[in-house]
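In our numbering, the protein residues as written are 4 to 397. Glycine included, every Cβ here is placed at the ideal spot set by N, Cα and C. Worksheet for the structure shown next.
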Ligand SMILES: Nc1ncnc2c1ncn2[C@@H]1O[C@H](COP(=O)(O)OP(=O)(O)OP(=O)(O)O)[C@@H](O)[C@H]1O
């Protein structure tokens, strides 16, 4: 892909083409003052629609105001001879689409999610939606940091009718929220839905709804149930369900809420990625559960783990903040929680305190209503409360 493009942009030299999208071509280039290497995207709207150029310019100006490590840095933008150009930093670590093709670890997936949620938080707080979250628009620096690109294109494409756009311009309805597929107004929760689709794809290596034409896929986003993750990834099902809820009111309402949740998952993923066994599925759980009641071990385990973790600090806290809404647990959830308690106990019994603590945290994260950070979450581990939970599950 070494084609050149004969367009004179003041203060820039255009180099070779490095990529091509639905409406745009991207070139390497050089800014003359201040001197630096740049990537230059050039959009030539079909039919030279001045409204599209106007929208692109508006969004380019908006994104140029952003200053965030996970949003592409824009140096300059403008319209020249009915072409829109955008000069930006070069991102030469590839895109997420390619990364998914070669396999993404769970830790990588959650780091990318966190980077993207932070990018969206920055944009949303400034009143800008992305509207076209997809793996192709998530690029990487060489060091692996994920960067969100393509805000301007997304907004401008909205000037075209949704389905025309999907069919003819963007070419994919795969990341489209149900409300968007229905032609309703969208807000930041629509971007978060799309990010949920990206999470599914990173975890499973395939799209959440695929097959059929644009309308079939859009229909699936509106009506088809969220697929079940396989057993070894079940721990992410609740997060996925919240991201991909059909009703925006059932999703994370803000990127900030999502960030808090992702940090919890990352805290649990990070220490265990090198020791595989800690997060591994536990096929022996059912047997363990039959052999012994976890109750006495849990109580002892919790006391020791908490004491080790928090020591005197914890002893000074009167922890009684947990608000487990047992009435809301389904029978299946109760069984799942009992299994988790058995797992926590068995790790504790094997003196694998790290893994035990991971499981206790998992239980608390999934079955309490607190949104506090890990420190205050640890405060709420107290034997009496866990005792009540266990009793209610038996
Ligand atoms: N800042 C950049 N640095 C390096 N490569 C880039 C940069 N921006 C885009 N590219 C690459 O240029 C190609 C085209 O980019 P573009 O954003 O138009 O693609 P796209 O998102 O696939 O298209 P569309 O948004 O129309 O579906 C992609 O391969 C992309 O990875």
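{"Asked": "For residue 91, list the residues DSSP reports as bridge partners.", "Found": "42 and 77"}
{"Asked": "Specify, as a first and last residue, the run of the alpha helix (DSSP H) that residue 113 falls within.", "Found": "109-128"}
{"Asked": "Work out the CA separation of residue 239 and residue 188 for me, nearest whole Å.", "Found": "29 Å"}
{"Asked": "Quick one: grab the DSSP three-state call for residue 148.", "Found": "coil"}
{"Asked": "Below 8 Å on the Cβ atoms is my guess for residue 18 versus residue 36; work out the distance and round it to an integer in Å.", "Found": "Going by Cβ atoms, the distance from residue 18 to residue 36 rounds to 17 Å, so no, they are not a contact pair."}
{"Asked": "Enumerate in chain order the residues of its own chain whose CB-to-CB distance from residue 97 is below 8 Å, with the five nearest sequence positions on each side excluded.", "Found": "142 and 143"}
{"Asked": "Following a CB-centred definition, is residue 44 positioned closer than 7 Å to any heavy atom of ligand 1?", "Found": "yes"}
{"Asked": "Out of 219, 193, 12 and 82, point me to the one whose CA is closest to residue 250's CA.", "Found": "193"}
{"Asked": "Starting from residue 19, trace the alpha helix (DSSP H) in both directions and tell me its first and last residue.", "Found": "Per DSSP, residue 19 belongs to no alpha helix (DSSP H); it is in the beta strand (DSSP E), 15-23."}
{"Asked": "Confirm the yes/no value for this check: CB of residue 22, any heavy atom of ligand 1, distance under 7 Å.", "Found": "yes"}
{"Asked": "Tell me the residue span of the alpha helix (DSSP H) that contains residue 67.", "Found": "53-68"}
{"Asked": "Check each candidate in 68, 81, 72 and 53 and name the one with the smallest Cα separation from residue 10.", "Found": "81"}
{"Asked": "Under 8 Å by Cβ, that's how I've got residue 211 and residue 247 pegged, so tell me the actual separation to the nearest angstrom.", "Found": "7 Å"}
{"Asked": "Can you tell me the Cα-Cα spacing of residue 95 and residue 14, whole angstroms?", "Found": "23 Å"}
{"Asked": "Quick check on residue 12: does DSSP put it in helix, strand or coil?", "Found": "strand"}
{"Asked": "Is the beta carbon of residue 201 closer than 8 Å to that of residue 138?", "Found": "yes"}
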